[in-house]
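Taking it in order: structure first as structure tokens, then the write-up.
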Amino acid sequence: MHLEYQVFEADFVNAGAASSAIKKTLKQLNVNPQIVKRVVVALYEAEVNAIAHAYGGMIYADIDADKIIVKVVDKGPGIPDIEWAMQEGNSTASPEVRNMGFGAGMGLPNIRKNVDRLDVQSTVGVGTSVEMEVRFV
Amino acid sequence: MTLKEIAEVLEAKVLCGHDRLNEEHESAFASDLMSDVLTLGDYNPVILTGLCNMQTIRTCEMGNLDIIVLVRRKKASEEMIEEAEDEGMVVMESDFSMFKACGLLYQGGMQPIF
Ligand SMILES: Nc1ncnc2c1ncn2[C@@H]1O[C@H](COP(=O)(O)OP(=O)(O)OP(=O)(O)O)[C@@H](O)[C@H]1O
Ligand SMILES: [Mg+2]
Chain Y
371 MHLEYQVFEA
381 DFVNAGAASS
391 AIKKTLKQLN
401 VNPQIVKRVV
411 VALYEAEVNA
421 IAHAYGGMIY
431 ADIDADKIIV
441 KVVDKGPGIP
451 DIEWAMQEGN
461 STASPEVRNM
471 GFGAGMGLPN
481 IRKNVDRLDV
491 QSTVGVGTSV
501 EMEVRFV
Chain R
183 MTLKEIAEVL
193 EAKVLCGHDR
203 LNEEHESAFA
213 SDLMSDVLTL
223 GDYNPVILTG
233 LCNMQTIRTC
243 EMGNLDIIVL
253 VRRKKASEEM
263 IEEAEDEGMV
273 VMESDFSMFK
283 ACGLLYQGGM
293 QPIF
């Protein structure tokens with residue numbers, strides 16, 4: 371099954387809509403609830419990052435019998451130092467983003483903890499792609 | 183503590199989930215940052231937070247966290263209550279500060295997660 375969602379810069383009103391839709395789909399497919407939670411937490415963190423730190427982008431999800439692969443691709447500005455960004459507590463969140471309850475610097479570390487495979491690619495000035503895979507068994 | 187006892191000690195107004203007030207819960211977690219509440223793995227503690235917007239409800243939905251206490255006189259919007267109701271959550275509002283609310287629940291026997 372292939373699903374696609376668009377997300378927009380600073381669109382906090384709808385932040386989580388894509389994650390929520392994928393959560394419902396996985397539940398309907400009877401995926402183990404603990405695994406659904408891992409997928410959804412990771413995806414939600416990536417979705418919020420594309421809204422909070424980037425100029426929006428696309429979410430592509432591919433679900434088959436034994437795994438889900440989700441790719442969140444945004445339109446920039448890119449992450450200058452991925453290693454720095456992956457460390458707990460590191461954040462460049464704006465005051466506006468903090469007011470929305472984000473900016474703990476826990477999102478990327480949270481993603482890493484919840485997925486079986488994570489691939490973060492970023493080019494400054496172009497964009498960031500966060501690809502993650504969670505296996506169902 | 184039962185959710186009813188929690189509402190009583192916090193002098194909280196229950197906004198939704200009235201049918202769940204007899205449930206007994208052991209642990210609580212307090213934060214104003216949403217990624218923090220998504221680090222809790224399979225636990226479902228009572229969440230105390232001063233963050234009061236749609237993201238509070240959304241984030242808890244993503245983390246399967248379904249008991250939310252809004253502290254510091256924060257008032258939930260109609261939209262927040264509707265979404266929380268749809269998700270079967272319990273949401274209450276307390277006028278107490280985060281410190282006081284946490285202290286009272288700790289005194290009442292609620293446990294931290296770590
Ligand atoms: N899609 C992105 N585009 C550009 N920068 C990003 C992106 N995702 C993350 N970053 C950068 O990496 C930092 C760390 O991201 P991370 O998700 O771990 O924390 P955060 O978003 O700042 O806070 P939290 O996720 O805890 O609310 C961000 O503050 C930002 O500087
Ligand atoms: Mg983040």
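Protein sequences appear in the order of chains Y and R.
If you're matching positions, the first sequence starts at 371 in my numbering and goes up one per residue.
If you're matching positions, the second sequence starts at 183 in my numbering and goes up one per residue.
Think of the CB as a built atom: it goes at the ideal place given N, C-alpha and C, for glycine as much as any other residue.
Proximity test, Cβ basis, 8 Å: residue i and chain R
i      : result
Y/K394 : no
Y/Y414 : yes
Y/K407 : yes
Y/G471 : yes
Y/G386 : yes
Y/S356 : With chain Y running from 371 to 507 in the structure shown, residue 356 of chain Y is simply not present.
Y/Q376 : no
Y/Q404 : yes
Y/F382 : yes
Y/V311 : Because chain Y is modelled from 371 through 507, residue 311 of chain Y falls outside the range shown and cannot be assessed.
Opposing strand residues paired with residue i [DSSP bridges]
i      : result
Y/M502 : Y/V440 and Y/L488
Y/G497 : Y/T493
Y/Y375 : Y/I429
R/E275 : R/K195 and R/L252
R/T184 : R/E206
R/Q293 : R/S209
Host alpha helix (DSSP H) of residue i (start-end)
i      : result
Y/E458 : It is not in any alpha helix (DSSP H) - Y/E458 carries neither H nor E in the DSSP assignment.
Y/D470 : Residue identity check: residue 470 of chain Y is Met in the sequence provided, not Asp. From DSSP, Y/M470 is part of no alpha helix (DSSP H); its letter is neither H nor E.
Y/V411 : P403 to A422
R/D268 : E260 to D268
Endpoints, beta strand (DSSP E) assigned at residue i
i      : result
Y/M428 : G427 to I433
R/F211 : A210 to A212
R/T231 : V228 to T231
Interface flag, residue i vs chain Y, CB-CB below 8 Å
i      : result
R/S217 : yes
R/L203 : no
R/L220 : yes
R/D341 : The question about residue 341 of chain R has no answer here: the residues shown for chain R are numbered 183 through 296.
R/D248 : no
Scan the stretch 232-246 of chain R for residues whose Cβ lies nearer than 8 Å to a Cβ of chain Y and list them as they occur along the chain.
For the stretch 232-246 of chain R, which is checked against every Cβ of chain Y, the residues closer than 8 Å are L233, N235, M236, Q237, T238, R240, T241, E243, M244, G245 and N246.
Got a list of residues with beta-carbon closer than 5 Å to any non-hydrogen atom of ligand 2, in chain order?
The set, ordered by position in the chain, is Y/N419 and Y/G477.
Closer than 8 Å, Cβ to any Cβ of chain Y: which residues of the stretch 251-270 of chain R, in chain order?
Those residues of the stretch 251-270 of chain R placed with their C-beta closer than 8 Å to a C-beta in chain Y do not exist.
Cβ-based contacts, 7 Å cut-off: residues of the stretch 439-469 of chain Y near chain R:
So nothing in the stretch comes that close.
Note down, in chain order, all residues in the stretch 474-489 of chain Y with a beta-carbon under 7 Å from any beta-carbon belonging to chain R.
Those would be A474, M476, G477 and N480, in chain order.
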